[in-house]
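Trainee: My questions all concern the structure below.
2 protein chains.
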Amino acid sequence: MTLSKSISEQIPEIEARIRTQLTGKPSLLLADLDQLIFRGWRSLRPTLTLIFGRISNADPEALINLAAAIEMLSTAMLVHDDLVDIENQRHIGPNINPSFRTSAAVLAGDLAFAAAAQLAAATNWVAVMQKFSETLQFIVSGEITHMFRNGQGVDRDSYYHWIHAKTASLFELACETAILIGTQEDETMSLARQFGYQIGMAYQISNDIRDFSSDHAIQEKPIGSDLRQGILTLPAIFYFESHPGDPLLRSLLHKNGHSQEDLDGLIVAIRQSNAVERSLDEVRAFGQSGREILMKLPNTPERAELEQLIGQIITRND
Amino acid sequence: MTLSKSISEQIPEIEARIRTQLTGKPSLLLADLDQLIFRGWRSLRPTLTLIFGRISNADPEALINLAAAIEMLSTAMLVHDDLVDIENQRHIGPNINPSFRTSAAVLAGDLAFAAAAQLAAATNWVAVMQKFSETLQFIVSGEITHMFRNGQGVDRDSYYHWIHAKTASLFELACETAILIGTQEDETMSLARQFGYQIGMAYQISNDIRDFSSDHAIQEKPIGSDLRQGILTLPAIFYFESHPGDPLLRSLLHKNGHSQEDLDGLIVAIRQSNAVERSLDEVRAFGQSGREILMKLPNTPERAELEQLIGQIITRND
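Chains as they are written, first to last, in the working numbering: chain L, 9 to 326; chain Y, 9 to 326.
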């Protein structure tokens, strides 16, 4: 089974809407912003908006603006996150003079915010703007909490809060607002939001697992690159839970005192432990919760498509 | 003549609305953001919103949200600008660990964006959101153009474009949207926007003149601090127009090749030239244009208050 043709045909329309929104903007940054947006282009979130929009009989034109706006909000945060993970400025492309990296990234992100706000306003729904601003605030607050957590230990709860803020919140937004601009039916809107949470959490954990995997054809970054930057994701957290005395944990939290060889050894140890499998169990658990939420929706072709999407996330690391 | 009591009494309400909006946000950044917002607190722009809102019979509650939203948008851009003028991180306060300066400023700015978006959405007007997003984009585009201008000379036109983007655009927004959420009368809205442009330009040039002045009781920064950072404002531009061969111009544009003594000498030369007086003439010209726009509005106490405000800007450097 594949996605219905009309959904997959609409994805290029969203991409075109983003390009139109950015047309005529300062060309010096645009090449790099363009590269970031479309290099990282994943159609999962826009697909969710389109499917839920069909469930809610939303205006197709407003749906395109909505999906494009959410992708631009995500892009803005990605650009600014690269400044927070300051050693990891991979997203700023070769066109930018290195001395302008910080400024360029700040302004490129702000330009993406402006585009997101314009596209969201183009839906013509005040309630959409409210959801956007709440989501932005939740994301930023989560990033701030995460930024200042350093050296204060790490646990699954704070990891879950962090990925909820940075990833799942945008999935909640993508699903919920698609109902909001259509039928606005309260129960469906709540289910859409809950489903967005579950699929968003499953998606981010599965991404974090891939950071420890060498089995995937396209690797954008070296194995363990999050850990090399001192970013602890779920596999590392599970590993340290079962190895609480490991001296590398403390040095990682303080981003000092470990050698490249220490890190290489740790990454091998994590990959050989049961931490990856335990993380996969979490992906499956979020996926299963997502499926259970779907069972509360009418049995339609759209629901079947959502079931298929969550199945793809559960199995992408198998 | 003083501002009518009810206008000046509403200013604290706007400040309180901003504080409420920020309550409960991550406390680590909040102290610094708070310091920035209220250290730089100028009541001119909110006062314009309140006066035009009275002209347009706008809902007082929506006006408070609107004025608070504009101040938060301005704050967001100020915070991010400090990263663009990277050597000038004066706004990030002592509570922030220096190694987090960049990250903290990016996220504090984003938090201010989120607050601006929430307050703007709280006005319940989609058209307000559209004006906000257009303004944000205009500001960011102007900053980008200005950032990449380096070494390519400087002239009054590009200076005017830059201060229109970074300052006058927010005054246009403050005046125009106050009509937009009230009577929405096209002619008044257009006049309000035009007036916002003129008073905003006059205000920024008068600020830039103060950078060359030692006559003011409260100096937030040393004389000539813009120039010391390689930022050419109107007095310097007038000076170099009449001294085109000055070797310091080129070195300033490339931010190298000049000593502290060179700069000190240049600042004295600018202060002793007619450049400051010519800049004051520009303030008066923008002020006069603003007055002429006001003459097209009905002769009301509100119009008299606007005339008084523009008079204060014209004479603040005398």
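Glycine included, every Cβ here is placed at the ideal spot set by N, Cα and C.
1) So, does the stretch 247-259 of chain Y touch the stretch 205-220 of chain Y, judging by three or more C-beta pairs under 8 Å?
2) Please classify Y/V284 as buried or exposed, where buried requires at least 16 neighbouring CB atoms within 10 angstroms.
3) Start and end of the alpha helix (DSSP H) containing L/W170?
4) Compare the Cα-Cα distances from L/I189 to each of L/I19, L/L74, L/A24, L/I147 and report the closest residue.
5) Sort L/S14, L/I318, L/E180, L/Y205 by Cα distance to L/V136 and report the nearest one.
6) Decide yes or no for the touch test of the stretch 131-145 of chain L against the stretch 147-166 of chain Y: beta carbon pairs closer than 8 Å, at least 3 of them.
7) Using beta carbons (cut-off 8 Å, strictly below), is Y/L119 in contact with chain L?
8) Ordered along the chain, which non-local residues of its own chain (more than five positions away) have a Cβ less than 8 Å from that of L/F248?
9) Check for me: the alpha helix (DSSP H) holding Y/A312 runs from which residue to which?
10) Any Cβ of chain L within less than 8 Å of the Cβ of Y/A66?
11) Spell out whether any CB of chain L is found under 8 Å from the CB atom of Y/N132.
12) Along chain Y, in chain order, which residues have C-beta atoms closer than 8 Å to that of L/L115?
13) Suppose you measure from the CA of L/R292 to the CA of L/L56; what does that come to, to the nearest Å?
14) So what's Y/T175 in DSSP terms, helix, strand or just coil?
15) Show which residues of chain A have a CB atom less than 9 Å away from the CB atom of L/M197.
16) Starting from Y/L178, find everything on chain L with Cβ-Cβ shorter than 7 Å and list it in chain order.
17) Please report how far the alpha carbon of L/A84 lies from the alpha carbon of L/L119, in whole angstroms.
18) Considering only the alpha carbon of each residue, which of L/R299, L/Q316, L/D90 lies closest to L/Q202?
19) Taking Cβ-Cβ distances below 7 Å as the criterion, which residues of the stretch 73-87 of chain L are in contact with chain Y?
20) Exposed or buried, Y/Q18, counting other C-beta atoms within 10 Å across all chains shown (16 or more means buried)?
21) So, helix, strand or coil for Y/D234, using DSSP?
22) Does any residue of chain Y have a CB that is nearer than 8 Å to the CB of L/E142?
23) Please check if any C-beta of chain L sits within less than 8 Å of the C-beta of Y/A182.
24) Quick one: is Y/R25 near chain L, going by C-beta distance under 8 Å?
25) How would you label Y/V407, buried or exposed, when you count the other beta carbons within 10 angstroms and need 16 or more for buried?
26) Helix, strand or coil: how does DSSP classify Y/T305 here?
27) Residues of chain Y with a CB under 9 Å from the CB of L/A173: which are they?
28) Thinking Y/I187 and Y/T196 are a contact (beta carbons under 8 Å), I'd like their distance in whole angstroms, please.
29) At a CB-CB cut-off below 7 Å, which residues of chain L make contact with Y/A122?
30) Which residues in chain Y have a C-beta closer than 8 Å to the C-beta of L/M137? List them in chain order.
31) Where L/F140 and Y/P243 are concerned, what is the direct C-alpha to C-alpha distance, given to the nearest angstrom?
32) Any idea if L/V276 is buried or exposed, counting beta-carbon neighbours within 10 angstroms, 16 or more meaning buried?
33) Using DSSP with H/G/I as helix, E/B as strand and the rest coil, what is Y/H154?
34) Using three-state DSSP, classify L/D272 as helix, strand or coil.
Mentor: This is what the structure gives:
1) With a cut-off of 8 Å, the stretch 205-220 of chain Y and the stretch 247-259 of chain Y do not count as touching, because too few Cβ pairs lie within range.
2) Y/V284 is buried by the Cβ-count criterion.
3) L/W170 -> alpha helix (DSSP H) spans 164-171.
4) For the set L/I19, L/L74, L/A24, L/I147, the Cα lying nearest the Cα of L/I189 is the one of L/L74.
5) Out of L/S14, L/I318, L/E180, L/Y205, L/E180 has the C-alpha closest to the C-alpha of L/V136.
6) Cβ pair count under 8 Å is below three, so no.
7) For Y/L119, the answer is yes, since a Cβ of chain L falls inside 8 Å of its Cβ.
8) These residues qualify, in order along the chain: V162, L240, D254, L257.
9) Unbroken alpha helix (DSSP H) run through Y/A312: 309-323.
10) No, no contact with chain L.
11) Yes, Y/N132 counts as interfacial toward chain L.
12) What L/L115 touches in chain Y: H88, V92, V148, E151, I152, M155.
13) So the alpha carbons of these two residues sit roughly 19 Å apart.
14) Reduced to three states, the DSSP call for Y/T175 is helix.
15) Protein chains L and Y are contained in the structure displayed, whereas chain A is not.
16) Chain-ordered listing is empty here: chain L has no CB closer than 7 Å to the CB of Y/L178, the nearest sitting near 14 Å.
17) Here the alpha carbon of L/A84 sits roughly 8 Å from the alpha carbon of L/L119.
18) Nearest C-alpha to L/Q202: L/R299.
19) For the stretch 73-87 of chain L, the set of positions with a beta-carbon nearer than 7 Å to some beta-carbon of chain Y is empty.
20) Here Y/Q18 is buried. Its C-beta has 16 or more other C-beta atoms within 10 Å.
21) In this structure, Y/D234 counts as helix in the three-state DSSP scheme.
22) So yes, L/E142 belongs to the interface.
23) No, Y/A182 does not count as interfacial toward chain L.
24) For Y/R25, the answer is no, since every Cβ of chain L falls outside 8 Å of its Cβ.
25) With chain Y running from 9 to 326 in the structure shown, residue 407 of chain Y is simply not present.
26) Just to set this straight, residue 305 of chain Y is Leu in the shown sequence, not Thr. Correct three-state label for Y/L305: coil.
27) The premise fails here: L/A173 is roughly 11 Å from chain Y at the closest Cβ pair, so nothing lies under 9 Å.
28) At roughly 5 Å, the Cβ-Cβ gap stays under 8 Å, so Y/I187 and Y/T196 are in contact.
29) Those are S141, L144, Q145, V148, listed as they occur along chain L.
30) In chain order: A125, A128, A129, V134, M137.
31) For L/F140 and Y/P243, the distance between alpha carbons rounds to 42 Å.
32) If you draw a 10 Å sphere on the C-beta of L/V276, you find fewer than 16 other C-beta atoms in it, and that means exposed.
33) Note: Y/H154 maps to helix in three-state DSSP.
34) In the structure shown, L/D272 sits in a helix (DSSP, three-state: H, G or I).
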